[in-house]
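Taking it in order: structure first as structure tokens, then the write-up.
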Amino acid sequence: MLSHLVVGQTLYFGDSLFYIISFVLLMWIIKIFAWGPVTKMMQDRADKISNDIDSAEKSRTDAASLVEKRQAALANSRSEAQTIVSDAKSNGQQQREQIVTQAQADVQTMKQNAQKDIEQERQDALSDARNDVADLSIEIASKIIQRELKADDQKALIDSYIEGLGKQHES
Amino acid sequence: MSDDPVSTFQFLGLTFSTANVVSGLVVFLLVIAVVFFTSRKLAMKPTKGQNFLEWLIDFTNGILKGSIPAGDVGKFGLWGFTLFLFLFLSNEIGLFIQVATRSGATIMRSPTSDPIATLTFSLMTMMIAQFAGVWKLGYKAHFANYMKPFVFWLPISIFEEFTNFLTLGLRIFGVIFSGEMLLGVIWDLAVSHGIVTMIIALPIEMAWQGFSAFLGAIQAFVFVTLSSVYISQKLELEE
Numbered sequence: 001m002l003s004h005l006v007v008g009q010t011l012y013f014g015d016s017l018f019y020i021i022s023f024v025l026l027m028w029i030i031k032i033f034a035w036g037p038v039t040k041m042m043q044d045r046a047d048k049i050s051n052d053i054d055s056a057e058k059s060r061t062d063a064a065s066l067v068e069k070r071q072a073a074l075a076n077s078r079s080e081a082q083t084i085v086s087d088a089k090s091n092g093q094q095q096r097e098q099i100v101t102q103a104q105a106d107v108q109t110m111k112q113n114a115q116k117d118i119e120q121e122r123q124d125a126l127s128d129a130r131n132d133v134a135d136l137s138i139e140i141a142s143k144i145i146q147r148e149l150k151a152d153d154q155k156a157l158i159d160s161y162i163e164g165l166g167k168q169h170e171s
Numbered sequence: 001m002s003d004d005p006v007s008t009f010q011f012l013g014l015t016f017s018t019a020n021v022v023s024g025l026v027v028f029l030l031v032i033a034v035v036f037f038t039s040r041k042l043a044m045k046p047t048k049g050q051n052f053l054e055w056l057i058d059f060t061n062g063i064l065k066g067s068i069p070a071g072d073v074g075k076f077g078l079w080g081f082t083l084f085l086f087l088f089l090s091n092e093i094g095l096f097i098q099v100a101t102r103s104g105a106t107i108m109r110s111p112t113s114d115p116i117a118t119l120t121f122s123l124m125t126m127m128i129a130q131f132a133g134v135w136k137l138g139y140k141a142h143f144a145n146y147m148k149p150f151v152f153w154l155p156i157s158i159f160e161e162f163t164n165f166l167t168l169g170l171r172i173f174g175v176i177f178s179g180e181m182l183l184g185v186i187w188d189l190a191v192s193h194g195i196v197t198m199i200i201a202l203p204i205e206m207a208w209q210g211f212s213a214f215l216g217a218i219q220a221f222v223f224v225t226l227s228s229v230y231i232s233q234k235l236e237l238e239e
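Residue numbers (the UniProt record's numbering), protein chains in the order written: chain A, 1 to 171; chain B, 1 to 239.
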């Protein structure tokens, strides 16, 4: 077993050649069957993983910005709603006041008109009464004057007066 | 043991050792079988075989990355992978299969328990290192490296090439050869006095076989590591 190790006895250069050729052949076969496809697959996987990481990062930032936008929109709409409500409130207040003052003014004018009417009526009634009294006194005076002429006509005068009263009432 | 006959044959005017050729071929086919059956049905999501193969590729690439600059690792990846797988299986196969002819000539053992095989791989490493140096730095810079740090370093540099070549090849040979030889010695002990020595020898044999398997893996690793170190030395300009 040891004899073939002694340098100089026999050197199997053929073995050397055999190993070199078979090793190169082996490398070639491994490259075709395993090394090429496997390293390609590993590279593909590495690329895919890095792509996935990139896209995940991108979608994360997208989602964050979307959330921010949504929040801003929400806050905006809330303040908008608040202003709408307060506007409506102040409008209502204003309208109410307007209506009330309008009503008050209306009432005032109506009252004034009524008072004026009443006064007018009263004046009219008073003047009517005054005219009536004047007419009546003139009539009485004329009757009295007619009666002075004839004493015996006194009775007739009163009668006529009474008659006249009755006529006037009738009229 | 020393008078064991060696089976040889002549082919194209060259002498071949039957043991080396046969065991080399067996390991050759074994390596092909391993990578062939683990690389079927490659997928983005790796399954059992692909996982193993990718782990192995990462492992050998990791060995290379330890010394070779990162940009050049890809060019030596296939070589490192093949070398590691071939040496590992070579180291281990002799521990489990040893075949001899009736006359006592071994025809099947670890290819790496023969110095001619290990020195061939060692020579291959040295050649690749030289070639890589010329390819990376150019002839002038490559051979100028031998005269660094000063001109009189030249003989030491040249001598270093030979010692590297010899130590790289003989280290793995020594470990594997001694491991197999001791297995043979234990076997001789086991059959020397019948059943009693068999029982005694069995645990020793098992322990030594396990240890040799471990050493075989270590030696394959060391061989690839040192090879990449020798190559990386040629890839950079010395100060």
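All C-beta atoms in this analysis are idealised placements derived from N, C-alpha and C, irrespective of residue type, glycine included. Remember, it's a predicted structure, so these values are computed and weren't measured experimentally.
Residue-level contact by beta carbon fails for B:Ser23 and chain A, as no gap is shorter than 8 Å. In the three-state scheme derived from DSSP, where H, G and I count as helix and E and B as strand, B:Ile68 is classed as coil. Secondary structure of A:Phe33 (DSSP, three-state): helix. Not a single CB atom of chain B sits nearer than 8 Å to the CB of A:Leu74. Among the CB atoms of chain A, one or more fall inside 8 Å of the CB of B:Ser17.
The residue among B:Leu83, B:Asn61 and B:Thr82 with its C-alpha nearest the C-alpha of B:Val73 is B:Asn61. In this structure, the beta-carbon distance from B:Met124 to A:Phe18 does not fall below 8 Å. At a cut-off of 8 Å between beta-carbon atoms, B:Leu237 makes no contact with chain A. The residues Phe86, Leu89, Ser90, Ile93 and Pro111, in chain order, have a CB closer than 8 Å to that of B:Val27 in the same chain once the five nearest residues on each side in sequence are set aside.
Between B:Thr225 and B:Ile97, the gap from beta carbon to beta carbon reaches 8 Å or more. Judged by DSSP secondary structure, B:Thr112 falls outside any beta strand (DSSP E); it is assigned neither H nor E. In this chain, the beta strand (DSSP E) harbouring B:Thr15 covers Leu14 to Ser17. Here A:Leu165 is exposed. Its C-beta has fewer than 16 other C-beta atoms within 10 Å. For the pair B:Ile231 and B:Ala141, the CB atoms are not nearer than the 8 Å cut-off. Nearest CB-CB separation between A:Ser55 and chain B: not below the 8 Å threshold. For B:Arg171, the enclosing alpha helix (DSSP H) has its first and last residue at Leu154 to Ser192.
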